[in-house]
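Participant: Numbering (the numbering used here), first residue to last: 341 to 975. Glycine residues also receive a C-beta, built at the ideal position from the N, C-alpha and C atoms. Would you mind keeping the following structure in view while I ask a few things?
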């Protein structure tokens, strides 16, 4: 066999990840064994799936298993499997590069704080590279199922920038990972230690994890290894066991296996569903948002099994996009074993599973959101902080569950001084003032901008609560959420101000008289602004500010227009309406300015530009604004 050993360099991201991981994760170094066993289990799942259409891949070895062994003299630990194995190209692709969406964003979020970075690295999923936490050299020997013994590959690296790949002979398919331990890691060269780690972290793995039996040798006065193997774990699919047989710790470790997250889940649900479609679901809600949460093209987090046979990772058809953070397993009793992603899109059984699983997740969230117990309330607050913006997408995507989702929404409001989103729509409705018929809200690009919006002035004066909406998804969501429990949701920055029964007849009469008195001023200002404004009118929504801008009732808000432009989208042409406060001294003074005098035009443009700045807008001609203000100051 020709010597074809070559040395290749790691992808830059791999080098960065290795350096971070070894230092950040060392305090929890036992996880290396969990990660490598999980990978071995995945390799067996992939072989099962490929063998559905090609049984020859098994050869003479149909009994899938994982073997863990150690060599005290050589100071090595070996994790072997007889799963799918890897070809030379796959070894280079899988072990030399990180081909994950969101990799750039992940590295951009690293802070240099080892504790914080450890959590982030855990979300990213370190898998194979975790071996370098305890090893200063790793050797991988692998042969892909279906290839010849001479097509096997040896990969080797010290994790310092490069690795070598060479062809070897390997009589059996699958992968062996040999960890050459660092100095000071000798405690791992113990059957008792390795078994305890396996039982702690990997008991849920459905394959048998085997180790050589050890027995006490009376003559040698020490434990000796026998040729016979024993199975260390329960070796049955965790989701297929009765709930009463599974401990919370086992549920937690299984979550870490399917999600590659290091943190415990926030909550989970485990159910066997019978009826039109028969399936088992084990679904988890994470405690932390993954780094790539906003990648809507990323496939969902559910693994699909059929009769306990692994079919695919990331089966996105099993859960709607707005629940893409959910992790777990669906095991169907009805789908065919050779099911493809195309078949999943058309399957009635899959539709039933999707609907049932969606309702189950919403039910989990409702249980937390409506709980009396403080720990569950705290969990929902955590969930909302991490995933609230994503859940809002469901208002427009899931008409079936829209009403249930609306009750789960949380917002900041003028009722408190905190930017935390804690106000449910039901809370808002429950404390509406007598005579109030609508739910009022304001949108802005920040909490400070929303809270200080001039549009809120009359509402503060009358003690009317207003929701402060600052998430990017809010404007889109509101196009689908137009009412709640019969109460219309109304923007305080759109259309004419209609306070309904919150305004008495005397006020209405006074407003009509004032509008008549300012007719001439409004006409002059409208002529002066020209194409800059759609209209000018008197308003009674202001108490402190001289003017504000509003959007016409059926047009896009200023905040949404700015968001669209910032995202490079073509926003429809829309001109704002300038509303003036007749009780403000600046407006009163302007009423008596000569329209032919240049000062009138300057004051009019300044009021418009000030109103635009107050709502977070950008001036089209900032130099002209500065010049006008300076001239006014000098005069």
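(1) Please name the residue, chosen from 557, 376, 563, that lies closest to residue 473 on a Cα-to-Cα basis.
(2) In chain order, what are the residue ranges of uninterrupted alpha helix (DSSP H) at least 4 long that sit wholly in the stretch 923-975?
(3) Which word fits residue 683, buried or exposed, when buried means at least 16 other C-beta atoms lie within 10 angstroms of its C-beta?
(4) Assuming residue 892 and residue 874 make a contact with CB atoms under 8 Å, what is their CB distance in whole Å?
(5) Relative to the C-alpha of residue 389, which residue among 644, 750, 784 is closest?
(6) Is the beta carbon of residue 917 less than 7 Å from the beta carbon of residue 878?
(7) Report the three-state DSSP secondary structure of residue 824 (helix, strand or coil).
(8) For residue 393 and residue 685, what's the separation of their Cα atoms in angstroms?
(9) How would you label residue 564, buried or exposed, when you count the other beta carbons within 10 angstroms and need 16 or more for buried?
(10) What residue ranges within the stretch 765-797 form continuous beta strand (DSSP E) runs of no fewer than 3 residues, ordered along the chain?
(11) What residue range does the beta strand (DSSP E) around residue 419 cover?
(12) Using DSSP bridges, identify the partner residues of residue 551.
(13) Any contact of the stretch 543-555 with the stretch 508-518, i.e. 3+ C-beta pairs under 8 Å?
(14) My assumption, with CB atoms under 8 Å, is that residue 559 sits in contact with residue 344. Please give the rounded CB distance.
(15) Is the beta carbon of residue 469 sitting closer than 7 Å to the one on residue 358?
(16) Find the nearest neighbour of residue 973 within the set 674, 946, 953, judged by alpha-carbon distance.
(17) When you compare each of 948, 399, 423 to residue 407 by their alpha carbons, which one comes out closest?
(18) With a CB to CB cut of under 8 Å and the five nearest residues on each side skipped, what residues in its chain are close to residue 484?
(19) Just to confirm my understanding: we take residue 816, look at its own chain, exclude 5 residues before and 5 after, and list those with CB closer than 7 Å. What are they?
(20) Might you give, ordered along the chain, the residues of its own chain that have their beta carbon closer than 8 Å to the beta carbon of residue 712, omitting 5 neighbours on each side?
(21) Can you give the Cα-Cα distance for residue 531 and residue 739, rounded to whole angstroms?
(22) Around the Cβ of residue 341, are there at least 16 other Cβ atoms within 10 angstroms (buried) or fewer (exposed)?
(23) Take residue 632 as the anchor and find which of 526, 517, 727 has the nearest alpha-carbon.
(24) Could you spell out where the beta strand (DSSP E) holding residue 515 opens and where it closes?
(25) Judging by CA-CA distance, which residue of 471, 674, 504, 585 is the nearest neighbour of residue 688?
(26) Suppose you measure from the CA of residue 617 to the CA of residue 692; what does that come to, to the nearest Å?
Facilitator: Result, derived from the coordinates:
(1) 376
(2) 925-931, 938-954, 962-974
(3) exposed
(4) 7 Å
(5) 644
(6) no
(7) strand
(8) 21 Å
(9) exposed
(10) 778-783
(11) 416-421
(12) 570
(13) no
(14) That pair is no contact at about 49 Å.
(15) yes
(16) 946
(17) 423
(18) 424, 425, 426, 427, 430, 491, 513
(19) 736
(20) none
(21) 55 Å
(22) Annotation note: pLDDT 45 at residue 341 (below 50); position unreliable, no value reported.
(23) 727
(24) 514-521
(25) 674
(26) 7 Å
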